[in-house]
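Each residue of the sequence shown is one higher than the one before, counting from 1015 in my numbering.
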Amino acid sequence: MAYFVYILKCSDDTLYTGITTDISRRLDEHNNSAKGAKYTKLRRPVMLVYSEDSEDRSSASKREYTIKKLSRKEKLELINV
């Protein structure tokens, strides 16, 4: 099963990083459902600005952790590559 690491831009211009197996479903959950992350519920609407695929959940989680440790400037550089 393929996993994706993604970055969302929230309505307050902050960035949120997560992982999923279905980006379109997860984006819909962040914007419209109670299943969205607590962080994004207060910052709707959110917009997908970056995604990359991973082979498995373990590598996706490691990549998510790495991205979350980046500074905002570094995340914006990653998004704009």
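C-beta: ideal position from N, C-alpha, C; glycine also.
Same chain, Cβ closer than 7 Å to Arg1071, five either side skipped, listed in chain order: Closer than 7 Å at the Cβ level, and outside the excluded window around Arg1071, lie Tyr1017.
Buried/exposed call for Ile1081, threshold 16 Cβ in 10 Å: The Cβ neighbour count for Ile1081, taken over all protein chains shown within 10 Å, is at least 16; the residue is labelled buried.
Inter-residue CB distance, Leu1062 and Ile1037 (contact presumed, cutoff 8 Å): That pair is a contact at about 7 Å.
Buried versus exposed call for Thr1054 [16 or more other C-beta atoms within 10 Å across all chains shown]: By the neighbour-count criterion, in which a residue is buried when 16 or more other Cβ atoms sit within 10 angstroms of its Cβ, Thr1054 is buried.
Asp1027 versus Met1015: straight-line alpha-carbon distance, rounded: About 32 Å.
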